[in-house]
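Engineer: Read in the numbering used here, the sequence shown has 201 at position 154, and its numbers run on one by one without any break. Even glycine gets a Cβ: it sits at the ideal position worked out from N, Cα and C. As the structure is a prediction and not an experimental result, all values here were calculated from the model. So that we are looking at the same thing, I have put the structure below in structure tokens.
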Amino acid sequence: MSVDSSVCLQELPDLVFYQILDQLDIHDILLSLRRVSRHFYNIVNSYNRLKLKIISTSPRAGIHRISRTVQSGNVLSISLMNTMEWNQWNGVQVFVSLNNLSQYTCLRSLSLFYIDMDVLENMLQEVTSLPALVSLTIEPGKINNLIERLAMLLSSAIARSNLRKLSLYAMCGYISRISWSKQCKLKELFLDSCSHNHICHILDQLPNLETFTTHDYWLPIAETPIVLTSIHLLTSLKLYCMQIPIGLLESLLSYMPALVHLHLSTYFTTFYFLQRLSQWEYLIHEKLPVLDTFKLYASTEQYQYEDVKDIESMFNRFRTPFWLELKRWYITCEYVKDGNTSNIRLYSRKDSHRNFPAKSSPAMLTHSASTTRNDDITDMSGFKPRTTLKTDTKYYRMSMEY
């Protein structure tokens, strides 16, 4: 007996239909699906999770139709990206000329990319009048001599709005000019680039912050590093950094006892950094007692030693009961020697690609080892290599196993 499993789209519950609409472009929703039937027309009109995405090249006619059709109370997010000269043909300018941001009273997310300063200024002034807005993303365009004005507007928006999440791009040089009110409600902060001292200053000013991410954590050569002045209750930290001293990083983390998730990526570091990193059992046990997730990528391209036992000694520290049984954090180590260049990589197993480099040269010899839950943690004798010669690829691959 066969059962007809097909379901008429019009018979779907409205909430299920909304989940389908969540995956569609607003033009398809308003200009196509809405016209199919009266039933679809009514569902689309009641759908209150619309996402507007306007770029410079968006057709003017489409923007006019959307502006006439959309009920502002049904718009959940707006994203504006300007990639061309500001003129009457610019789709973003057309949208701005037809719409007042303050009319979107249910707006929860606003993203502004490369918007001219005069328009950005008007929008930031209206942010404080949007009661539902919780997420703001900004990458400014040409601001020239208006840096102080932009910093003042951002400071006001942070202090007076209900923002919970703030993302700032291409503003590294202006971060120090922003005032961070201790009374603000920010929970998540993303800065694409931020110096060590700026991080300390910001965290000291934002006691309610729970998540902090930066894709470029750095220490200026001429800057004397500072430390946090008090314990911080941050629960999630993601740092992508280059050549940060390990002691400075450890000092920063020691003020974050509530940290649950830590994602650390560091490049062009030293072998000493990797050695200290392998000794973090004590730091995590004493200073980060509730840390549950630890994602790691660390590499050095200036390894000076030839004895693989140095790497073995460092890597064996990840094979203690703390790493393998208590935390179950498994680490992969790769050692690559190509001519005069040596590279060591440490990374979390879940984030790893287990393939060898695609463009390996004939001189390359690669050692790869990974900790597993089945490691014999009482046997610290180190690597037991199994070497296989791949004659068809013209180079050796040595896989290190326990």
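#1: Between residue 367 and the rest of its own chain, which residues show a CB-CB distance below 6 Å, the 5 nearest in sequence each way excluded?
#2: According to DSSP, residue 285 sits in a beta bridge with which residue or residues?
#3: Just to confirm, are residue 293 and residue 324 a CB contact at a threshold of 8 Å?
#4: Compare the beta carbon distance of residue 282 and residue 321 with 8 Å and say whether it is the shorter of the two.
#5: How do the region 247 to 254 and the region 263 to 279 stand: do at least 3 beta-carbon pairs fall below 8 Å, yes or no?
#6: Compare the C-alpha of residue 384 against each of 377, 378, 348, 375 and name the closest.
#7: For residue 116, does the three-state DSSP call read helix, strand or coil?
#8: Would you verify that the beta carbon of residue 253 is, or is not, closer than 8 Å to some beta carbon of chain C?
#9: By Cβ distance, which residues of its chain are closer than 6 Å to residue 404, with the 5 residues on each side in sequence left out?
#10: Out of curiosity, what's the CA-to-CA distance linking residue 245 and residue 269?
#11: Under three-state DSSP, which class holds residue 441?
#12: Assign residue 181 to one of two classes, buried (16 or more other C-beta atoms within 10 Å of its C-beta) or exposed (fewer than that).
#13: Just verifying my parser: in three-state terms, what is the DSSP assignment at residue 232?
#14: Given that a residue counts as buried once 16 or more other Cβ atoms are within 10 Å of its Cβ, and exposed if not, what is residue 67?
#15: Would you kindly check if the distance between the Cβ of residue 345 and the Cβ of residue 316 is under 8 Å?
#16: Roughly how many angstroms separate the alpha carbons of residue 203 and residue 256, rounded to a whole number?
#17: Residue 402: buried (16+ other C-beta within 10 angstroms of its C-beta) or exposed?
#18: Looking at C-beta atoms only, is the number of pairs between the region 137 to 148 and the region 194 to 213 that lie closer than 8 Å three or more?
#19: In this structure, how does DSSP classify residue 400 when only helix, strand and coil are distinguished?
#20: Suppose you measure from the CA of residue 178 to the CA of residue 141; what does that come to, to the nearest Å?
#21: Could you check where the alpha helix (DSSP H) with residue 128 kicks off and where it finishes?
#22: When burial is assigned at 16 or more other CB atoms within 10 Å of the CB, is residue 372 buried or exposed?
#23: Closest to residue 333 by C-alpha separation, out of 318, 360, 95, 304, would be which residue?
#24: So, for residue 400: in the same chain, excluding its five sequence neighbours on each side, which residues have a beta-carbon less than 7 Å away from its beta-carbon?
#25: Is residue 427 helix, strand or coil when you go by DSSP?
#26: Hey, could you find the ends of the beta strand (DSSP E) residue 159 is sitting in?
#27: Between 105, 112, 117, 111, which lies nearest to residue 128 when the distance is taken from Cα to Cα?
#28: Quick check: the Cα distance between residue 350 and residue 319, rounded to an integer number of angstroms?
#29: Comparing C-alpha positions only, which one of 232, 289, 241 sits nearest to residue 224?
#30: Can you give, in chain order, each stretch of the beta strand (DSSP E) that sits fully within the region 358 to 389 and has at least 3 residues?
Structural biologist: A quick look at the data gives this:
#1: none
#2: 260, 310
#3: yes
#4: no
#5: Short answer: they touch.
#6: 348
#7: helix
#8: Going by chain labels, chain C is absent from the structure shown, which holds only one protein chain.
#9: Any reading at residue 404 is ruled out, since the residue's pLDDT is 45, under 50, leaving its predicted position unreliable.
#10: 14 Å
#11: Residue placement at residue 441 is flagged as unreliable, the pLDDT there being 29, under the threshold of 50; the coordinate-derived value follows with that caveat. Assignment of residue 441 by DSSP, reduced to helix, strand and coil, places it in the coil class.
#12: buried
#13: coil
#14: Counting other Cβ atoms within 10 Å of its Cβ, residue 67 stays below 16 and is therefore classed as exposed.
#15: In contact: residue 316 and residue 345 (Cβ atoms closer than 8 Å).
#16: 18 Å
#17: Since pLDDT at residue 402 reaches only 43, below the 50 mark, its modelled position is unreliable, and the value read off the structure follows with that caveat. Burial state of residue 402 is exposed, judged by a 10 Å Cβ sphere holding fewer than 16 other Cβ atoms.
#18: As far as the Cβ criterion goes, the region 137 to 148 does not touch the region 194 to 213, which means the pair count is below three.
#19: Low confidence applies here, because residue 400 scores a pLDDT of 43, under 50, leaving its location unreliable and the question unanswered by this model.
#20: 25 Å
#21: Element bounds for residue 128: not the alpha helix (DSSP H) but the beta strand (DSSP E), 122 to 128.
#22: exposed
#23: 304
#24: Caution applies to residue 400, whose pLDDT of 43 falls short of 50 and renders its modelled position unreliable; the model cannot decide the point.
#25: Only weak support exists for where residue 427 lies, its pLDDT of 39 falling under 50; the value from the coordinates is given anyway. In the structure shown, residue 427 adopts coil according to DSSP, grouped into three states.
#26: 156 to 160
#27: 105
#28: 10 Å
#29: Just measuring C-alpha positions, the residue of 232, 289, 241 sitting nearest residue 224 is 241.
#30: 378 to 385
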